[in-house]
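Numbering (the UniProt record's numbering), first residue to last: 1 to 141. Glycine residues also receive a C-beta, built at the ideal position from the N, C-alpha and C atoms. Let me begin by presenting the structure, written as structure tokens, before commenting on it.
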């Protein structure tokens with residue numbers, strides 16, 4: 001399964017095929033975990049041209065989207081956690097622990113409870129919208 005990253009995460013210049021993350025066409029394995037708890041590994045092979053340049057984003061192929069248990073008609077899966085395979089979710093530093101959002105949680109409350117600064121929390125969870133946390137959503141704490 002393959003995927004594309006948003007512009008700022010992908011890096012590389014004008015030619016996406018020359019980007020280090022493409023690894024000479026072999027791709028870089030990324031782990032992707034959806035809010036429903038299902039996980040897959042994809043290869044990052046492209047830059048998402050249609051994605052917001054400033055926001056973290058992973059664009060999955062139809063097969064990857066469905067392998068996570070979602071219907072293509074949904075279009076976007078909010079709260080996906082992703083990062084290089086073998087690392088912490090969302091490419092975070094070691095010590096990251098998966099956390100399931102509970103009723104009443106806020107990003108500030110979660111990061112405070114786990115001894116993190118807001119900047120650390122944001123770095124571990126680049127795709128999370130703190131104004132729209134969902135009960136049961138998986139994040140990195």
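Quick one: what's got a C-beta closer than 7 Å to residue i's C-beta in the same chain, skipping five residues either side?
i           : result
residue 135 : 101, 102, 103
residue 39  : 31, 32, 33
residue 51  : 6, 7, 57, 59
residue 73  : none
Report the residue from the options whose alpha carbon sits nearest the alpha carbon of residue i.
i           : options           : result
residue 77  : 7, 138, 30        : 138
residue 81  : 38, 3, 34, 120    : 34
residue 7   : 22, 74, 27, 48    : 48
residue 147 : 60, 106, 36       : The first residue shown for the chain is 1 and the last is 141, placing residue 147 beyond what the model contains.
residue 36  : 79, 123, 10       : 79
residue 128 : 114, 116, 107     : 107
residue 23  : 84, 123, 70, 73   : 84
residue 133 : 105, 72, 124, 116 : 105
If you drop the 5 nearest sequence neighbours on each side, which residues of the same chain put their C-beta closer than 6 Å to that of residue i?
i           : result
residue 99  : 139, 141
residue 114 : 141
Determine the contact status of residue i and residue j, defining contact as a CB-CB distance below 8 Å.
i           : j           : result
residue 109 : residue 46  : no
residue 130 : residue 120 : no
residue 10  : residue 18  : no
Considering only residues of the same chain and omitting the five flanking positions on each side of residue i, which have a CB-CB separation below 8 Å?
i           : result
residue 43  : 1, 2, 3, 26, 27, 28, 29, 30
residue 64  : 1, 2, 3, 32, 40, 42
residue 153 : Any answer about residue 153 is impossible in this case: the structure gives the chain only from 1 up to 141.
residue 69  : 34, 36, 38
residue 15  : none
Verify the contact flag: residue i, CB atom, against every heavy atom of the ligand NAP, threshold strictly below 7 Å.
i          : result
residue 70 : For the ligand NAP, the structure offers nothing, since it holds no ligand at all.
Next on the checklist: Just to confirm the assignment: which complete alpha helix (DSSP H) runs, minimum length 4, are found wholly within the stretch 2 to 48?
Outcome noted: Taken in chain order, the unbroken stretches of alpha helix (DSSP H) that lie wholly in the stretch 2 to 48 and span 4 residues or more are 7 to 10.
Checklist entry - Of all the alpha helix (DSSP H) runs that stay within the bounds of the UniProt domain "LysM" (97 to 141), which reach a length of 4 or more residues? => result Those alpha helix (DSSP H) runs which fall completely within the UniProt domain "LysM" (97 to 141) and span 4+ residues are 107 to 113, 118 to 124.
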